[in-house]
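FYI, the numbering for the sequence shown is 53 to 492, going by this note's numbering. So the structure is just underneath, and the comments pick up after that.
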Amino acid sequence: MTTNPKTDSLTRAIRGRVLHFLRDPQFHEDAYQYWDDGVLIVTNGRIAAAGDYTQLAARIPADAEIVDHRGKLIVPGFIDTHVHYPQTDMIASPSPGLLHWLETYTFPEERRFADPDYARGVAGFFTEELLRNGTTSAVVWSTVHKASAEALFAESEARNLRMVTGKVMMDRNCPEFLRDTAETGARDSADLLSRWHNKGRLAYAITPRFAPTSTEAQLAACGELARAYPDAFIQTHVAENRDEVKWVAELFPDARSYLDVYDRYGLLRPGAMYGHAIYLDQDDRRRLADSGAAVAHCPTSNLFLGSGFYDFHQSDANRLNVTLATDVGGGTSFSMFRTMNAAHKVARMGGYYLTALRMFYLATRAAAEALGWTDRVGSFSVGCEADFIVLDPKATPLIARRSNRSETLEEELFAFAMLGDDRVIDSVYVMGEAAHVPAA
Ligand code: GUN
Ligand code: ZN
Numbered sequence: 053m054t055t056n057p058k059t060d061s062l063t064r065a066i067r068g069r070v071l072h073f074l075r076d077p078q079f080h081e082d083a084y085q086y087w088d089d090g091v092l093i094v095t096n097g098r099i100a101a102a103g104d105y106t107q108l109a110a111r112i113p114a115d116a117e118i119v120d121h122r123g124k125l126i127v128p129g130f131i132d133t134h135v136h137y138p139q140t141d142m143i144a145s146p147s148p149g150l151l152h153w154l155e156t157y158t159f160p161e162e163r164r165f166a167d168p169d170y171a172r173g174v175a176g177f178f179t180e181e182l183l184r185n186g187t188t189s190a191v192v193w194s195t196v197h198k199a200s201a202e203a204l205f206a207e208s209e210a211r212n213l214r215m216v217t218g219k220v221m222m223d224r225n226c227p228e229f230l231r232d233t234a235e236t237g238a239r240d241s242a243d244l245l246s247r248w249h250n251k252g253r254l255a256y257a258i259t260p261r262f263a264p265t266s267t268e269a270q271l272a273a274c275g276e277l278a279r280a281y282p283d284a285f286i287q288t289h290v291a292e293n294r295d296e297v298k299w300v301a302e303l304f305p306d307a308r309s310y311l312d313v314y315d316r317y318g319l320l321r322p323g324a325m326y327g328h329a330i331y332l333d334q335d336d337r338r339r340l341a342d343s344g345a346a347v348a349h350c351p352t353s354n355l356f357l358g359s360g361f362y363d364f365h366q367s368d369a370n371r372l373n374v375t376l377a378t379d380v381g382g383g384t385s386f387s388m389f390r391t392m393n394a395a396h397k398v399a400r401m402g403g404y405y406l407t408a409l410r411m412f413y414l415a416t417r418a419a420a421e422a423l424g425w426t427d428r429v430g431s432f433s434v435g436c437e438a439d440f441i442v443l444d445p446k447a448t449p450l451i452a453r454r455s456n457r458s459e460t461l462e463e464e465l466f467a468f469a470m471l472g473d474d475r476v477i478d479s480v481y482v483m484g485e486a487a488h489v490p491a492a
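In structure tokens:
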């Protein structure tokens with residue numbers, strides 16, 4: 053933001069109502085910290101302290117810049133754990149279901165990303181749209197083209213965002229124009245890994261699209277990559293749709309289940325992010341939990357494509373590491389508030405009650421835990437990178453009226469979750485710097 057080297061080391065104190073999570077409120081009493089008159093003290097882009105303003109006031113240096121957000125709620129930036137940037141321009145495409153939607157809209161659009169300039173243009177818009185919605189980190193899908201991942205990395209780097217992406221691997225059951233091979237897919241992925249993984253705030257995810265579009269040879273190559281890069285992320289789709297599950301059973305008759313296909317190739321481990329995970333059995337859930345892999349629950353997508361309802365009862369019973377994701381463009385919104393809204397309703401349909409406190413945890417700290425980032429983002433722990441957002445409870449006339457009636461933090465957060473969208477995002481900070489101020 054600034055070119056003055058003096059201000060780069062300046063401490064900034066951001067005052068407002070401060071909330072963050074350290075544990076899952078579903079299972080822990082002392083899961084969060086909240087200060088009505090709170091402050092974040094940020095030095096060199098990192099959290100130096102978070103707490104009550106009067107208690108911390110003495111620690112704010114005399115030359116600190118004070119930013120006053122009193123009346124507004126400051127929370128860690130959202131982390132979207134499964135989102136397809138190449139599907140930005142085909143969001144809201146009408147279709148009766150996943151496999152038709154892939155053939156008709158998704159694959160033709162993804163073809164365009166062979167052109168690096170095209171990819172760069174969409175990646176730029178996409179990262180801005182994330183920020184406009186208060187999402188400061190994401191686990192992102194590129195396309196099969198190496199240039200598509202490069203474009204997202206470059207645009208994320210330009211905005212200093214903590215982001216993950218990977219080149220899609222698929223070598224069968226897809227159009228010729230989007231097909232790699234077990235060899236080229238592995239070679240391109242290894243090249244991207246060596247150049248982008250852990251470069252500043254960027255990281256790489258090994259990205260087989262889903263079991264139906266990879267041969268056994270390609271899945272084996274993914275497993276080899278995973279062994280060669282033990283700290284690389286892994287992302288894929290699993291058990292999203294009944295037709296897809298049936299198809300996988302036909303393609304992999306020896307596998308015990310859809311999830312087992314990935315397990316056989318060593319793709320279940322901490323840092324692996326499994327999209328959807330609707331049609332799992334008890335063994336699958338136990339295995340997922342034991343492996344340390346995580347689930348990206350994508351409720352707007354599951355409703356839009358008629359895929360099914362994520363089972364929160366079973367998820368909790370097995371202590372799955374569940375996180376929240378938009379899955380744009382199968383998902384219908386970039387907003388994590390809209391995603392919470394849908395998650396709550398999906399849970400209700402299964403007889404489960406998802407609290408707002410839990411949803412804010414899922415959208416922040418839970419994702420950081422799943423990604424091994426608890427010392428980096430997702431909370432205001434000392435030393436974390438200061439990615440945070442400021443929420444305006446008066447953002448719209450209706451939200452203002454509802455917030456006025458709120459008597460508890462849960463009620464206020466619930467109003468954000470049910471009524472909120474990009475309009476609620478007052479401002480966004482990336483490593484302590486204002487990243488986005490919406491037009492009036
Ligand atoms: N399964 C395989 N590819 C995709 C995709 O692009 N979106 C969704 N929602 N599911 C998939
Ligand atoms: Zn997806």
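Cβ atoms here follow ideal geometry from the backbone N, Cα and C, with glycine treated the same way.
Length at least 3, wholly inside the region 191-260: the beta strand (DSSP E) runs in chain order
214-218 and 254-260
Go ahead and pull the three-state DSSP assignment for residue 437.
strand
Which of helix, strand or coil does DSSP assign to residue 340?
helix
Does the beta-carbon of residue 388 have 16 or more other beta-carbons within 10 angstroms, so that it is buried, or is it exposed?
buried
Could you name the residues of the same chain whose beta carbon sits closer than 8 Å to that of residue 97, not counting the 5 residues immediately before and after it, in chain order?
437, 438, 483, 484 and 485
C-alpha distance - residue 465 paired with residue 183, whole-angstrom precision:
20 Å
Is residue 120 buried or exposed, if buried means 16 or more other CB atoms sit within 10 Å of its CB?
exposed
For residue 288, three-class secondary structure by DSSP
strand
Residue 4 to residue 236 span [Cα, whole Å]:
Nothing can be reported for residue 4, as the shown portion of the chain is limited to 53 through 492.
Could you tell me how far apart the beta carbons of residue 375 and residue 348 are, in whole angstroms, since I believe they sit closer than 8 Å?
6 Å
So if DSSP puts residue 376 in a beta bridge, which residue, or which two residues, is it bridged to?
349
Using only the alpha-carbon positions, how far apart do residue 238 and residue 113 sit?
51 Å
Beta-carbon separation of residue 457 and residue 73 under 9 Å?
no
Measure the CB-CB distance between residue 257 and residue 218 and report whether it falls below 9 Å.
yes
How is residue 125 classed by DSSP in three states: helix, strand or coil?
strand
Name the residue from 386, 359 and 401 whose alpha carbon lies nearest to the alpha carbon of residue 365.
401
Please report how far the alpha carbon of residue 462 lies from the alpha carbon of residue 168, in whole angstroms.
45 Å
Grab the span of the beta strand (DSSP E) containing residue 479 for me, first residue to last.
477-482
4 or more residues per run - each alpha helix (DSSP H) lying fully within the region 54-115
57-60 and 105-108
Just how far apart, CA to CA, sit residue 171 and residue 286?
22 Å
Got a sec, what are the start and stop residues for the alpha helix (DSSP H) residue 360 sits in?
It is not in any alpha helix (DSSP H) - residue 360 carries neither H nor E in the DSSP assignment.
Could you check if residue 287 belongs to the surroundings of the ligand GUN, using beta carbon to heavy atom distance under 8 Å?
no
Within the present structure, is the beta-carbon of residue 265 separated from the nearest heavy atom of the ligand GUN by less than 8 Å?
yes
Please report the straight-line C-alpha distance between residue 455 and residue 84, rounded to a whole angstrom.
20 Å
When the Cα atoms are used, what is the spatial distance from residue 350 to residue 133?
9 Å
Taking 8 Å as the cut-off, is the CB of residue 350 close to at least one heavy atom of the ligand GUN?
yes
So, at 7 Å on beta carbons, what are the nonlocal neighbours of residue 481 in its own chain, with the 5 sequence-adjacent residues on each side left out?
438, 439, 440 and 487
Cutoff 7 Å; reference residue 163; Cβ partners in own chain excluding five residues on either side:
229 and 230
N-terminal and C-terminal residue of the beta strand (DSSP E) that residue 133 is part of:
130-136
Neighbourhood of the ligand GUN [Cβ distance below 6 Å to any heavy atom], ordered by chain position
136, 150, 154, 158, 261, 262, 289, 292, 353, 379 and 382
Does the beta carbon of residue 425 fall short of 8 Å from some heavy atom of the ligand ZN?
no
Between the beta-carbon of residue 411 and the beta-carbon of residue 395, is there less than 9 Å?
yes
According to DSSP, simplified to helix, strand and coil, what is residue 327?
strand
If contacts are defined as beta-carbon pairs under 8 Å, then residue 260 and residue 299 qualify, I think. What distance do you get, rounded to the angstrom?
Going by Cβ atoms, the distance from residue 260 to residue 299 rounds to 15 Å, so no, they are not a contact pair.
Quick one: is the Cβ of residue 327 within less than 8 Å of any heavy atom of the ligand ZN?
yes
Any non-hydrogen atom of the ligand ZN closer than 8 Å to residue 197 Cβ:
no
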